[in-house]
Amino acid sequence: MLQLCKVTDSLLISNSKSACNKELLTQEGVTFCINVSRQQPFPGLHQVRSLRIPVFDDPVEDLYKYFEQCSNAIEDTARSGGKCLVYCKNGRSRSAAICMAYLMRHQNLTLQDAFETVKTARPGVEPNAGFWSQLQRYEEHLQMQHPLGYSSKKKISSK
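Numbering (my numbering), first residue to last: 2 to 160.
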């Protein structure tokens, strides 16, 4: 089944087959695609900007070095009113890790909460062990950057 799974209002995740379905992209209003693979094709829609992250779904690949770039690109897309689609071959490991990094960086979620959010959107997600450990390292990095307020899901309301 072809589908783009909604992680947030402006972030979608899918496999490459769904990502290259022009009708689906147009229907969902996708404006930016992050292709997390070395070999998967791009959708070929002129109005959709794209970025390739050239990694294989291999635990030894360094996905960590792309977390900030991708997270910021997703956030920029969201802030400009666009929608970002992150995909890889099967939409399970690489793309999920990028979505989780974004949620940790810009939505202040813990790694566990980010994982659950992405898994709720796309039940088959399962970052490989190498990407999972890179996400753990990224979470530690973010916690050191923002020791207060990081991962506090409850927003403090001023009454």
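By construction, the Cβ of each residue, glycine as well, lies at the ideal position given by its N, Cα and C atoms.
Model, not experiment: these values are computed from the prediction.
Note to self: Within 10 Å of its beta-carbon, does residue 140 have 16 or more other beta-carbons around it, so buried, or fewer, so exposed?
What the structure shows: Residue environment for residue 140: buried (at least 16 other C-beta atoms within 10 angstroms of its C-beta).
TODO: Note the first and the last residue of the continuous alpha helix (DSSP H) segment covering residue 103.
DONE: 95 to 107
query = When the Cα atoms are used, what is the spatial distance from residue 8 to residue 14?
reply = Put simply, the backbone Cα of residue 8 is about 7 Å away from that of residue 14.
Please determine if the stretch 58 to 73 and the stretch 41 to 48 are in contact, where contact requires at least 3 C-beta pairs separated by less than 8 Å.
no
Problem set entry | Nearest neighbour of residue 91, chosen from 12, 6, 11 and 16 [CA to CA] | 16
Exercise for the section: Using DSSP bridges, identify the partner residues of residue 36. Expected result: 53 and 88
Q) Between which two residues does the beta strand (DSSP E) harbouring residue 8 extend? A) 6 to 9
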